[in-house]
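Chains as they are written, first to last, in the working numbering: chain A, 51 to 186; chain B, 742 to 843; chain C, 13 to 142.
Quick look at the structure:
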């Protein structure tokens, strides 16, 4: 849809459900897929809570949107980064997080889990590499 | 790629400034706006955080927001530069992109 | 330079819309181009024409509208966020069976694609939020 290809970073720093930012930022990612940009999602600080598995919202009467994260591979998202320090500070490990699969339609390469836990230096590097950063 | 980071909350309410300074690269700029300007004042428990940041990045504070909140430039941590909205716009063009820490 | 502006919060509750306004106005006065101002999350509430703020304080909605008129700004409100929060134009009112519309004519409701497009086409995306 566009000749220009930029490196997009969607920066997620807020927990889900307490505010709408987590869900509405995901909606941008889904719509943005049609624009064929180079997309990465970055989860830092409370944003890491968005990827925690086993979310059950029946008691709070809100839509459980967490299944959508697992479909991100279908929306041109190949890179999902989670900040290691943010996880550790919250007593979480990668085991607490969902696994998100990706399949390359052209090469048929399948990756079981594209969620990558990265250290602070790598977070900095990735932020520097992006052309555009969306914050919510 | 040099980034202009914006921080709009006090370091007492949010960890945005702390995170921003942690992940910012040397040579980046951090602009304190809205409630973020309080971090620029001497004597707060955030002063050492800001000073350590000053060793790595340039720190700016949006003058109109400082003034609105009753503070003058003589209470700023040394090394922090005051800019107005025109300066804010210039900073966004001088750096390669803008990253908001909300 | 070409700017895309994203505003995540509604009028008065947060300073985001105010800061965004002064940034945008200043950029335009300096001769820059503002490709689009995109209102998301509660930011869509900046587009209602029904506010009656106190006389001795700024009129956030009208201030945006006046700036848009002066510089022919494209001010876009996200349709999904608008539907959630009850910002309605005539078309939306008809489509969704509402008995009224409330959007200020200087704003238009459109999809999130407009934000993505703005980020692609502009030199700088500047986000104002909470």
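In this text, a Cβ means the ideal position worked out from N, Cα and C, and glycines have one as well.
Margin query: Whole angstroms are fine: how far does the CA of residue 782 of chain B sit from the CA of residue 819 of chain B?
Written below: Your numbering for residue 819 of chain B matches position 78 in the second chain. Your numbering for residue 782 of chain B matches position 41 in the second chain. Taking the Cα positions, residue 819 of chain B is about 9 Å away from residue 782 of chain B.
Check: Got a sec? Which residues, its chain only, sit under 8 Å from residue 767 of chain B by beta carbon, not counting five neighbours each side?
Finding: Numbered from its first residue, the second chain carries residue 767 of chain B at position 26. Closer than 8 Å at the Cβ level, and outside the excluded window around residue 767 of chain B, lie 797, 798.
Item checked: Backbone CA spacing between residue 165 of chain A and residue 132 of chain A [nearest angstrom] -> Taking the first residue of the first chain as position 1, residue 165 of chain A is located at position 115. Taking the first residue of the first chain as position 1, residue 132 of chain A is located at position 82. One Cα belongs to residue 165 of chain A, the other to residue 132 of chain A, and the distance between them is close to 7 Å.
Note to self: Please list, in chain order, the residues of the region 772-787 of chain B that have any C-beta partner in chain A closer than 8 Å.
What the structure shows: From the region 772-787 of chain B, no residue has a Cβ closer than 8 Å to chain A.
Notebook entry, point to check: What is the C-beta distance between residue 121 of chain C and residue 85 of chain A, in whole angstroms, given that I count them as a contact (C-beta under 8 Å)?
Noted result: As a first step, residue 121 of chain C is located in the third chain; it is residue number 109 there, counting from the start. As a first step, residue 85 of chain A is located in the first chain; it is residue number 35 there, counting from the start. The Cβ separation is near 20 Å, so there is no contact.
Note to self: Using 8 Å as the cut-off, can you tell me whether the region 800-817 of chain B makes contact with the region 776-791 of chain B, which would need three or more C-beta pairs spanning the two stretches below that distance?
What the structure shows: Yes, the region 800-817 of chain B touches the region 776-791 of chain B.
Check: Ends of the beta strand (DSSP E) at residue 793 of chain B?
Finding: The residue labelled residue 793 of chain B in the question sits at position 52 within the second chain. Per DSSP, residue 793 of chain B lies in no beta strand (DSSP E); the unbroken alpha helix (DSSP H) holding it starts and ends at 788-795.
Item checked: Limits of the beta strand (DSSP E) - the one that residue 62 of chain A falls within -> Within the first chain, numbered from 1, the residue matching residue 62 of chain A stands at position 12. 57-62 is the span of the beta strand (DSSP E), which, as asked, contains residue 62 of chain A.
Item checked: Cβ pair count under 8 Å reaching 3, the region 80-97 of chain C against the region 113-128 of chain C -> A contact exists between the region 80-97 of chain C and the region 113-128 of chain C.
Margin query: According to DSSP, residue 131 of chain A sits in a beta bridge with which residue or residues?
Written below: The count along the first chain starts at 1 and reaches residue 131 of chain A at position 81. A:92, A:166, per the DSSP bridge assignment.
Item checked: The beta strand (DSSP E) enclosing residue 85 of chain A, as first and last residue numbers -> For the purposes of this step, residue 85 of chain A is identified with residue 35 of the first chain, where counting begins at 1. Where residue 85 of chain A is concerned, there is no enclosing beta strand (DSSP E), given that its DSSP letter is neither H nor E.
Next item on the list: May I ask which residues mark the beginning and end of the beta strand (DSSP E) holding residue 799 of chain B?
Entry: By one-based count along the second chain, residue 799 of chain B stands at place 58. Element bounds for residue 799 of chain B: 799-803.
Check: residue 790 of chain B to residue 805 of chain B, Cα distance in whole Å?
Finding: Indexing the second chain from 1 puts residue 790 of chain B at position 49. Indexing the second chain from 1 puts residue 805 of chain B at position 64. As the crow flies, the alpha-carbon of residue 790 of chain B is around 23 Å from that of residue 805 of chain B.
Notebook entry, point to check: Pairing CB atoms from the region 18-25 of chain C with CB atoms from the region 818-836 of chain B, are three or more of them under 8 Å?
Noted result: Taking a cut-off of 8 Å on C-beta distances, the region 18-25 of chain C does not touch the region 818-836 of chain B, as fewer than three cross pairs fall below it.
Note to self: Starting from residue 122 of chain C, trace the beta strand (DSSP E) in both directions and tell me its first and last residue.
What the structure shows: Start at 1 with the first residue of the third chain, and residue 122 of chain C comes out as number 110. In this chain, the beta strand (DSSP E) harbouring residue 122 of chain C covers 119-122.
Next item on the list: Would you mind listing the alpha helix (DSSP H) stretches within the region 75-124 of chain C that are 4+ residues and don't spill past its ends, in chain order?
Entry: At a cut-off of 4 residues, the continuous stretches assigned as alpha helix (DSSP H) that sit fully inside the region 75-124 of chain C are 91-97, 102-108.
Margin query: Taking 6 Å as the limit between beta carbons, can you name the residues of its chain near residue 762 of chain B, skipping five residues before and five after?
Written below: Translated into positions along the second chain, residue 762 of chain B becomes position 21. The beta carbon of residue 762 of chain B sits closer than 6 Å to the beta carbons of 794 from its chain, once the five residues preceding and following it are set aside; these are given in chain order.
Check: In chain C, what lies closer than 8 Å to residue 77 of chain A by C-beta?
Finding: Here residue 77 of chain A refers to the residue found at position 27 of the first chain. Under a criterion of Cβ atoms nearer than 8 Å, the residues of chain C adjacent to residue 77 of chain A are, in order, 92, 124.
Check: Who are the near neighbours of residue 139 of chain C in its chain, counting only those whose CB is closer than 6 Å to its CB and skipping five residues on each side?
Finding: By 1-based counting over the third chain, the position of residue 139 of chain C is 127. Closer than 6 Å at the Cβ level, and outside the excluded window around residue 139 of chain C, lie 18.
Checklist line | As assigned by DSSP and simplified to three states, the class of residue 838 of chain B | finding: What you label residue 838 of chain B is simply residue 97 of the second chain in a count that begins at 1. Strand.
Next item on the list: Under 9 Å between beta-carbons, which chain B residues line up against residue 170 of chain A? List them in chain order, please.
Entry: Counting from one through the first chain, the residue named residue 170 of chain A turns up at place 120. Contact note: residue 170 of chain A reaches chain B through 763, 764, using a C-beta cutoff of 9 Å and chain order.
Next item on the list: Taking residue 146 of chain A as the reference, give the member of A:70, A:103, A:83, A:87 with the closest Cα.
Entry: Locating residue 146 of chain A in the first chain gives position 96, counting from the first residue. Nearest option by C-alpha distance: A:103.
Checklist line | Closest Cα partner of residue 835 of chain B within the set B:748, B:786, B:769, B:817 | finding: By one-based count along the second chain, residue 835 of chain B stands at place 94. For residue 835 of chain B, the closest of B:748, B:786, B:769, B:817 by C-alpha to C-alpha distance is B:769.
Check: For residue 179 of chain A, which residues from the same chain have a beta carbon less than 7 Å from its beta carbon, with the 5 sequence-adjacent residues on both sides left out?
Finding: Here the question's residue 179 of chain A lines up with position 129 in the first chain. Within its own chain, the residues whose Cβ lies closer than 7 Å to the Cβ of residue 179 of chain A, once the five positions on either side in sequence are excluded, are 57, listed in chain order.
Notebook entry, point to check: Hey, residue 16 of chain C and residue 50 of chain C: beta-carbon distance below 8 Å or not?
Noted result: Translated into the one-based positions of the third chain, residue 16 of chain C becomes position 4. Translated into the one-based positions of the third chain, residue 50 of chain C becomes position 38. Residue 50 of chain C sits close to residue 16 of chain C, with the two beta carbons spaced by under 8 Å.
Notebook entry, point to check: In terms of residue numbering, what span does the beta strand (DSSP E) encompassing residue 47 of chain C cover?
Noted result: In the third chain, the residue the question calls residue 47 of chain C occupies position 35. Following the DSSP letters along the chain, one finds residue 47 of chain C inside the beta strand (DSSP E) bounded by residues 45-51.
Checklist line | Cβ neighbours of residue 47 of chain A in the same chain (closer than 6 Å, five flanking residues each side left out) | finding: Residue 47 of chain A falls outside the range modelled here, since chain A spans only 51 to 186, and no answer is possible.
Notebook entry, point to check: If we call anything under 8 Å between Cβ atoms a contact, is residue 58 of chain C one with residue 142 of chain C?
Noted result: In the third chain, residue 58 of chain C corresponds to position 46, counting from 1. In the third chain, residue 142 of chain C corresponds to position 130, counting from 1. Not in contact: residue 58 of chain C and residue 142 of chain C (Cβ atoms no closer than 8 Å).
Item checked: Any C-beta of chain A under 8 Å from that of residue 758 of chain B -> Reading the second chain from its first residue, position 17 is the one you call residue 758 of chain B. Not one chain A Cβ lies under 8 Å of residue 758 of chain B.
Margin query: Against residue 25 of chain C, what residues of chain B qualify as contacts under a CB-to-CB distance less than 7 Å, listed in chain order?
Written below: Against the third chain, residue 25 of chain C aligns to sequence position 13. Proximity of chain B to residue 25 of chain C at the Cβ level (cut-off 7 Å) is not reached, the minimal Cβ distance being about 13 Å.
Notebook entry, point to check: Cβ of residue 56 of chain A less than 8 Å from any chain C Cβ?
Noted result: Here residue 56 of chain A refers to the residue found at position 6 when the first chain is read from its first residue. Yes, its Cβ sits closer than 8 Å to a Cβ of chain C.
Check: What residues in the region 109-138 of chain C have a beta carbon less than 8 Å from any beta carbon of chain E?
Finding: No chain E is present in this structure, whose protein chains are A, B and C.
Margin query: Give me the residue from B:753, B:749, B:747, B:746 with the minimum Cα distance to residue 788 of chain B.
Written below: As a position in the second chain, residue 788 of chain B is number 47, starting the count at 1. Residue B:753 is the option with its Cα nearest to residue 788 of chain B.
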